[in-house]
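Chains as they are written, first to last, in this note's numbering: chain B, 1 to 435; chain P, 436 to 870.
Given below as structure tokens:
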């Protein structure tokens, strides 16, 4: 099938991340889509040194991208709601599909944009507009399509969540943490949109519409920021077993729909109460599924680019009705499945928790650590328990660093052969699961 | 557009939940899809008293459903891998789309099934096969389609997670908790599939394939159960800051793909370490998005039915190439958006955290509680702080039960008018976010 041609408007952090992502992962994406996705034209006032633009047409006039008849899908990344609106409507009028990360544009002008798109039979996709790299639009719109949704509650502004997390962990003031967030680049020079909840309100207006089937009504979202939260309140809330989070809440009740963004006490035991730092999460309560939660990075060039490119892939899938253009059963095209070997457990590298029942003789631990060391296994921590009153053996618990499983098997065989080791060694694998 | 006709094979817990869901939420689903989804034919050895089958054709011979030419989509819910395989292949041969919740069938025979479906141009959807109500297949296959996935780690068996959670919280033995889980209906009479990890291995084989683009290879998944975990190990792990979870892990490394199900120590600070009881969660690490997590109920009639019906909706969307059949921009068809009012904050009902700066006079708390009580606001907890050395006022913190915001506004106006209240009352809303 012929390549999908993409035009990008705007080459800032997100635009350059989209361009680079499509290059970095071109082969893997083509294995999924069944055709190549190619950036054919970029409209930008200036080049971005993060991108090698040698093989792409670059225009200073954004309209040139829209006028390029080879372009199937336009990605709008210039931000704002004036020129962006004009460009998106023009792209639609030309029968091009549109992908945008522009939450303000969708929240404030979505009704008009979607009506125009509907009339032209094109799609306008906006996964990146809410919660960055988390596929929350797709999950609500498609994954939960069988449900009556009761409410949605989200941590949908990473800057605000970073500030509240720091205030809680370090007992610091709002203003103090905000200054640090600005220095770290998490907060804009003008932080109003983030800390006063306007950014979250844009996102909530979108979430509320797709959850409850009402038109976008950004102006009716109640919006309260976090600038008046004090370390004192954070502490008192904790004393009662609560965390203060800046939530966007959309709820369907008998009288209508609530849409509100404000600081909120939530029980510390909830999963979403443990979403810290710049991370985002959206909790959705629906009648049949119950509570589901979606967690991940809510901002940043790469996570946002991931959502944009996923939308581009979806748009590419509606370019033809050919069944081979559908989502493949195993995510990758049948003829693009790889014969990558599945490793045997012997070849897996991980770290370990070991528990040994050792006769309480001096020298046992020395023998054990020598055996481990001989196999190249280094120890991260050791804990020796006093024997239980009715038992002779002491429990020795060892956490190791990573090693190939076959080395660990060999070491355990030697350890179990020691006369002072009275039982089979308990071995549980350990994973850090870190980024 | 004409209704989509669904045939259901099997009317046990999941089959009856699918049937009832499609009736309960028929209007809301039709608002999303743009056409009605109708169960036209059920094949089941016996009726299920949970379903009113008066308006549907029921056949005792399952083949009758496949031979029904009106049926567009067949939902296979009989379980097992022999008759189910035969039925699914026959449905495909007849050009019908198939939806199944059968993880064993997909993990063990998916390669054959998908090849047949590909040849016929039909889809076989299996969202319900992994992690029940969580749209994890869709999230990985479509939401993360721009990414190179590095690893996937999931709590994908609710029974096992329930047992480990109880062992940790109550220091109980494996056998003891298993007996309780069986009494509660969380564990089967023969719990082998759950506690020995076979069920999780089926799911992991599927996750591994869609993450890395390799064929299904269930027989190569390393599988170790939780029956040998002792309360002692759970405790020692906790002493080191770890939780023991039964994880399915698929990881792409240079030499190949790891696929393994085993008990695993993970740091308690990870979000996934806090996934307790019968809940499931899948953590996906990808190159561009970083870590995203998907959490929700992994089993049960309704959550499973939700995933099945979402697949039915997806299948319905490929029945025609008409753009109006696509996923609507705002989840619901443009002509099906509702004019449900967005409520003003006055009309929102929630509970509150209040902090008052009160001159330390007797009688203040009595005045405050009287005002709250007059407005119908009941108090859940009160905490009075000693004044700080340099301050005259004491902090009184009150948590209330739910009340309409306008009542709270009126109460706060009266409280702030009290002579003993020296500052504006701090008011932060509170949400339980419970199921």
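Note that CB positions come from ideal geometry on N, CA and C, so glycine has one too. Small disclaimer: the values here were computed from a predicted structure and weren't measured.
**Item:** Under 7 Å between C-beta atoms of residue 342 of chain B and residue 838 of chain P
**Value:** no
**Prompt:** Along chain B, which residues have their Cβ under 7 Å away from the Cβ of residue 697 of chain P?
**Reply:** 429
**Message:** Short of 8 Å Cβ to Cβ, which residues in the segment 791 to 819 of chain P face chain B?
**Reply:** 816 and 818
**Request:** Examine the Cβ distances between the segment 595 to 604 of chain P and the segment 709 to 723 of chain P and report whether three or more of them are shorter than 8 Å.
**Result:** Taking a cut-off of 8 Å for Cβ pairs, the segment 595 to 604 of chain P and the segment 709 to 723 of chain P touch, as three or more such pairs fall below it.
**Message:** Taking the alpha helix (DSSP H) that residue 498 of chain P belongs to, which residues open and close that run?
**Reply:** Counting along the chain, the alpha helix (DSSP H) containing residue 498 of chain P begins and ends at 497 to 502.
**Prompt:** If you follow the beta strand (DSSP E) that residue 294 of chain B is part of, which residue opens it and which one closes it?
**Reply:** From DSSP, the beta strand (DSSP E) with residue 294 of chain B extends over 290 to 297.
**Message:** My assumption, with CB atoms under 8 Å, is that residue 568 of chain P sits in contact with residue 741 of chain P. Please give the rounded CB distance.
**Reply:** In this structure residue 568 of chain P is in contact with residue 741 of chain P, their Cβ atoms being roughly 5 Å apart against a cut-off of 8 Å.
**Spatial neighbours of residue 337 of chain B in its chain, beta-carbon cut-off 8 Å, leaving aside the 5 residues before and after** = 330
**Message:** Please identify, using Cβ separations under 7 Å, the residues of the segment 567 to 578 of chain P that lie next to chain B, in order along the chain.
**Reply:** 568, 569, 570, 573, 574, 575, 576, 577 and 578
**Request:** Kindly list, in the order they appear in chain P, the residues whose Cβ is closer than 8 Å to that of residue 305 of chain B.
**Result:** 581 and 723
**Asked** Any contact of the segment 195 to 202 of chain B with the segment 244 to 264 of chain B, i.e. 3+ C-beta pairs under 8 Å?
**Response** They touch, by the three-pair rule.
**Asked** Who are the neighbours of residue 749 of chain P on chain B, taking C-beta pairs under 9 Å?
**Response** Listed along chain B, the residues sitting closer than 9 Å to residue 749 of chain P by beta-carbon distance are 142, 145 and 327.
**Prompt:** Is residue 316 of chain B near the ligand HEM, judged by its Cβ being under 6 Å from some heavy atom?
**Reply:** You won't find the ligand HEM in this model; it holds no ligand whatsoever.
**Asked** chain P beta carbons: is any one of them nearer than 7 Å to that of residue 174 of chain B?
**Response** At a cut-off of 7 Å between C-beta atoms, residue 174 of chain B does not count as an interface residue with respect to chain P.
**Asked** Which residues does DSSP pair with residue 259 of chain B in a beta bridge?
**Response** B:250
**Message:** Cβ closer than 7 Å: which chain P residues qualify as neighbours of residue 270 of chain B?
**Reply:** 868
**Prompt:** Using the beta-carbon of each residue, which ones in chain P are nearer than 7 Å to residue 347 of chain B?
**Reply:** 690
**Message:** Give me the DSSP bridge partner(s) of residue 816 of chain P.
**Reply:** P:834
**Request:** Decide if residue 836 of chain P is buried, meaning its Cβ has at least 16 other Cβ atoms within 10 Å, or exposed.
**Result:** exposed
**Prompt:** Name the residues in the segment 15 to 46 of chain B whose C-beta lies less than 7 Å from a C-beta of chain P; which are they?
**Reply:** 21, 25, 28, 29, 31 and 32
**Contacts around residue 590 of chain P, its chain only, beta-carbon distance under 6 Å, and the 5 residues preceding and following it disregarded** = 596, 680, 710, 715 and 716
**Request:** Decide if the segment 64 to 77 of chain B is in contact with the segment 347 to 363 of chain B; the criterion is three or more beta carbon pairs, one per stretch, under 8 Å apart.
**Result:** no
**Asked** Which chain P residues sit within Cβ distance under 9 Å of residue 336 of chain B?
**Response** 648
**Asked** Roughly how many angstroms separate the alpha carbons of residue 720 of chain P and residue 726 of chain P, rounded to a whole number?
**Response** Each residue's Cα considered, the two are about 4 Å apart.
**Prompt:** Mind checking if residue 693 of chain P is an interface residue toward chain B, Cβ cutoff 7 Å exclusive?
**Reply:** yes
**Prompt:** Can you pull the DSSP bridge partners for residue 280 of chain B?
**Reply:** B:296
**Asked** Looking at C-alpha atoms only, which residue of P:669, P:643 and P:651 is the closest neighbour of residue 585 of chain P?
**Response** P:643
**Item:** Where residue 289 of chain B falls, given that 16 or more other Cβ within 10 Å makes a residue buried
**Value:** buried
**Item:** Closer than 7 Å to chain B by CB, residue 437 of chain P
**Value:** no
**Prompt:** So, does the CB of residue 766 of chain P fall closer than 7 Å to a CB anywhere in chain B?
**Reply:** yes
**Asked** From the DSSP output, which residues share a beta bridge with residue 59 of chain B?
**Response** Per DSSP, the beta bridge partners of residue 59 of chain B are B:43.
**Message:** Going by DSSP in three states, residue 560 of chain P sits in which element: helix, strand or coil?
**Reply:** The DSSP-derived three-state label of residue 560 of chain P is strand.
**Asked** So what's residue 637 of chain P in DSSP terms, helix, strand or just coil?
**Response** helix
**Prompt:** Out of P:610, P:817, P:686 and P:560, which has the shortest C-alpha to C-alpha gap to residue 666 of chain P?
**Reply:** P:610
**Item:** Beta-bridge partners of residue 75 of chain B, as assigned by DSSP
**Value:** B:8 and B:99
**Asked** Between B:422, B:53, B:372 and B:420, which lies nearest to residue 405 of chain B when the distance is taken from Cα to Cα?
**Response** B:372
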